[in-house]
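What follows is a single structure, written as structure tokens, with notes after it.
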Amino acid sequence: IYYKPVRILVTGYKEADEIIAAINKGNVFRFIQKPWEVADIRSAIEEGYKYYMLNSMLSSKNDELQRAYNTLDEFSYGITHGLRDPLLSVLGVVEISREMPHIPDDVREVLDMVSKAMLQLDNFIENTHDHHRIKRGIQSTNIWFEQLVNEFVSLYSAEAQRNKVRFVFNVQQREQFASDETLLKIILNNLLSNAFKYQKQDIDDKFVSLSIEVKDGKAFIAVKDNGIGISEDYKKNIFNAFYKTASTSAGSGLGLFNARDAVLKLGGEINVISEAGEGTTFNVIVISK
Numbered sequence: 012i013y014y015k016p017v018r019i020l021v022t023g024y025k026e027a028d029e030i031i032a033a034i035n036k037g038n039v040f041r042f043i044q045k046p047w048e049v050a051d052i053r054s055a056i057e058e059g060y061k062y063y064m065l066n067s068m069l070s071s072k073n074d075e076l077q078r079a080y081n082t083l084d085e086f087s088y089g090i091t092h093g094l095r096d097p098l099l100s101v102l103g104v105v106e107i108s109r110e111m112p113h114i115p116d117d118v119r120e121v122l123d124m125v126s127k128a129m130l131q132l133d134n135f136i137e138n139t140h141d142h143h144r145i146k147r148g149i150q151s152t153n154i155w156f157e158q159l160v161n162e163f164v165s166l167y168s169a170e171a172q173r174n175k176v177r178f179v180f181n182v183q184q185r186e187q188f189a190s191d192e193t194l195l196k197i198i199l200n201n202l203l204s205n206a207f208k209y210q211k212q213d214i215d216d217k218f219v220s221l222s223i224e225v226k227d228g229k230a231f232i233a234v235k236d237n238g239i240g241i242s243e244d245y246k247k248n249i250f251n252a253f254y255k256t257a258s259t260s261a262g263s264g265l266g267l268f269n270a271r272d273a274v275l276k277l278g279g280e281i282n283v284i285s286e287a288g289e290g291t292t293f294n295v296i297v298i299s300k
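Given below as structure tokens:
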């Protein structure tokens with residue numbers, strides 16, 4: 012039961028070096044030197060008892076909190092997959108129906124609306140799950156950004172081809188870099204998702220570029236597009252939760268909020284350069300852990 016005792020040192024030694032060594036070695040809570048009074052001993056014991064009880068309660072609450080986090084993690088994972096699996100199945104059926112020949116225009120329009128609403132719901136579910144994952148502790152591993160970027164190239168290649176968006180990327184990494192892979196993926200996915208989502212529809216040379224340079228223990232990440240851009244009035248609020256502009260109403264309002272939270276969790280910084288109609292560039296700096 013008493014696995015973390017409170018130590019009180021009562022000594023007749025007068026040599027300071029010996030006393031200091033004993034205090035450091037024994038992790039002493041209170042030091043009492045001769046000649047001592049009974050009141051001093053009683054006070055030290057009472058204070059030590061209070062200190063012990065407070066630490067015991069804190070340790071117990073921390074254990075309870077960790078168990079609650081673990082339960083919430085399992086619950087969040089179950090809810091996410093429980094909602095997304097049937098949602099994606101229905102979305103697949105809708106997509107197949109849209110591609111069928113001889114579909115009346117009014118029916119196709121309804122299917123387009125259903126597809127858009129389901130994609131928006133799926134995006135909201137995914138971002139909600141990401142928000143929960145950001146709140147967990149950091150788990151650092153060695154990161155090789157070329158492997159990470161290749162995953163996103165595969166993920167967005169179909170969308171890039173379908174919407175005729177040129178997706179270019181460049182990675183420069185000659186040194187080891189350690190960080191939380193999950194948080195980096197949340198950052199990259201949300202920034203790339205926005206870049207692809209808010210393209211201009213009336214231009215031919217649509218592009219999204221991703222560049223990453225690792226230098227002196229820092230990763231410099233830039234996601235750039237020539238899409239619709241962000242007006243000055245909206246820029247100060249884009250990292251707020253559930254904030255949407257008229258042009259981003261299709262989003263969940265959590266993507267950039269999650270991206271910024273993940274960057275801050277890693278001790279980094281993020282900024283945006285954009286003008287309405289002139290495209291957007293997000294710059295991120297993350298420090299190796």
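Positions in the sequence shown are counted from 1; adding 11 to them yields my numbering. C-beta: ideal position from N, C-alpha, C; glycine also.
- Cβ-Cβ separation between Val101 and Ser190: approximately 36 Å, too far for a contact (criterion under 8 Å).
- About 5 Å separates the Cβ atoms of Ile136 and Leu94, confirming a contact at the 8 Å cut-off.
- Beta-bridge partners of Ala230 (DSSP): Val225 and Val297.
- Shown here, Ile90 sits in a helix according to DSSP, grouped into three states.
- For Glu157, the enclosing alpha helix (DSSP H) stretches over residues Phe156 to Arg173.
- Shown here, Lys196 sits in a helix according to DSSP, grouped into three states.
- Pairwise C-beta distances place the region 151-171 out of contact with the region 118-125, as fewer than three of them are shorter than 8 Å.
- With a cutoff of 9 Å on beta-carbon distance, Val234 and Leu199 are scored as near each other.
- In this structure Phe218 is not in contact with Tyr167, their Cβ atoms being roughly 12 Å apart against a cut-off of 8 Å.
- Residue pairing by DSSP places Gln77 in no beta bridge whatsoever.
- Residue range Glu243 to Lys246 is occupied by the alpha helix (DSSP H) that includes Asp244.
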